[in-house]
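J.: The sequence shown maps to residues 358 to 544 in my numbering.
In this text, a Cβ means the ideal position worked out from N, Cα and C, and glycines have one as well.
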Amino acid sequence: LRTLFSVGSTIAGRVLTHAAQVTIPMLIGATLPLAAQAEAQAQEVRIGIVNTERILRDSAPAKAAEIKLKQEFVKRDEELQKLAARLKETNDKLERDSAVLAETDRTKRQREAAELDRELQRRTREFREDVNQRKNEELSQVVERSRKVIRQVAEQEKYDLVVEDAIYFNARIDITDKVLRALNGSK
358 LRTLFSVGST IAGRVLTHAA QVTIPMLIGA TLPLAAQAEA QAQEVRIGIV
408 NTERILRDSA PAKAAEIKLK QEFVKRDEEL QKLAARLKET NDKLERDSAV
458 LAETDRTKRQ REAAELDREL QRRTREFRED VNQRKNEELS QVVERSRKVI
508 RQVAEQEKYD LVVEDAIYFN ARIDITDKVL RALNGSK
């Protein structure tokens, strides 16, 4: 019985040794990809979000552009307001005096009021087009400048990806304040 047990132990030992020799390399081979995957996951991807609307509303360059546009168009705006007041005065006078005016005088004043109205509409349309064009030019400069600053912030702080505007994002990845500080400091 002793011999049988010792032969059995020897066989069992060999089987276990052989199993260990086969299993250990298999375990190492199976866990290496998992370790590499865990290491890759440990290298965190840094993502940042920038709120473009806030940049265009709150940054110093955007505010400077707004002031510049107001100064550029204030005179034309005042002229349009004067023309509108003149048209209102003409229409009021026509309405007030129409009962006592001769037909030819009333027609003449109506024609003058209509011409004044067309002139006001034409000038207003041109004014809006000019304002929109200049606003787009100024805002495109602000956007271009902000994108340079965004790139600088991303490179300095080692971001892998920066996205402008998103439907949803966690506030911890919002770098808008950093970009605003950099923009406001780099006038």
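Which term fits leucine 518, buried or exposed, when burial requires 16 or more other beta carbons within 10 angstroms of its beta carbon?
T.: Per the 10 Å Cβ criterion, exposed.
J.: Take the Cβ of arginine 475 as the centre, count every other Cβ of all protein chains shown within 10 Å, and call the residue buried at 16 or more, exposed below.
T.: Per the 10 Å Cβ criterion, exposed.
J.: Find the nearest neighbour of threonine 533 within the set Arg414, Gln400 and Glu401, judged by alpha-carbon distance.
T.: Closest option to threonine 533, Cα to Cα, is Arg414.
J.: Would you call the stretch 478-497 and the stretch 436-448 touching, i.e. three or more CB-CB distances under 8 Å?
T.: Enough Cβ pairs lie closer than 8 Å, so yes.
J.: Could you tell me which whole alpha helix (DSSP H) segments of length 4 or greater appear in the stretch 491-543?
T.: Correct list: 533-542.
J.: Grouping DSSP H, G and I as helix and E and B as strand, with all else coil, what is valine 402?
T.: It is coil, neither helix nor strand.
J.: So, helix, strand or coil for valine 431, using DSSP?
T.: The answer is helix: DSSP assigns valine 431 an H, G or I state.
J.: Suppose the cutoff is 8 Å on Cβ atoms and the five residues either side in sequence are ignored; what does the same chain contact list for isoleucine 404 look like?
T.: Excluding positions up to five away in sequence, the list reads Tyr516, Asp517, Leu518, Val519, Val520 and Ile530.
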